[in-house]
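For reference, the structure discussed in these notes is given below.
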Amino acid sequence: MKQSNNFSLNVVEIIKKIPSGKVTTYGTVALLAGSPRAAREVGYLLHSLTEKHNLPWQRVINKKGYISIRGGDINLKNMQKLLLEKEGVEVSEDFMVDLEKYGWFGDSSRKT
DNA sequence: AACATGACGGACA
DNA sequence: GTGTCCGCCATGT
């Protein structure tokens, strides 16, 4: 862990700036963090934070508006769904979120 | 210092 | 429009 680099700090800062009822993508966070192609690192970094911090990592999803989570933390995804729904975000059974409606930044510009 | 891995993204088939 | 492969950047070993 040790987010010594400015990048990690930027990601955390940005995530903390995400308003409730909104969601964003790794790509956007990475872009704002200073590395538009480092989307992987955003999620990778979040996986280190999870509930250990008070970061709304739940609002950060992939470009498809879907929670990837390769690890298999299905409970994490389920928790995520509930959290987003409580914030006013519609989440499908497949953990799909409408980025065109709930996209925080420019996420609404693109979709499948 | 180098290699391998990873909550992704975009391009190509 | 869907599926698959390659690539980018940072972290961990």
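The numbering of the first sequence is the numbering used here, which starts it at -16 and goes up by one.
Note that beta-carbon positions come from the ideal geometry of N, C-alpha and C, so glycine has one too.
When the Cα atoms are used, F(-10) and I50 turn out to be separated by approximately 22 Å.
Taking N45 as the centre and dropping the five residues before and after it, the same chain places the C-beta of T8, Y9, S51 closer than 7 Å to its C-beta, in chain order. The Cβ atoms of G26 and V43 sit closer than 9 Å to each other.
Across the structure, L67 and N61 are spaced so that their CA atoms are roughly 10 Å apart.
Under DSSP, Y49 shares a beta bridge with M79.
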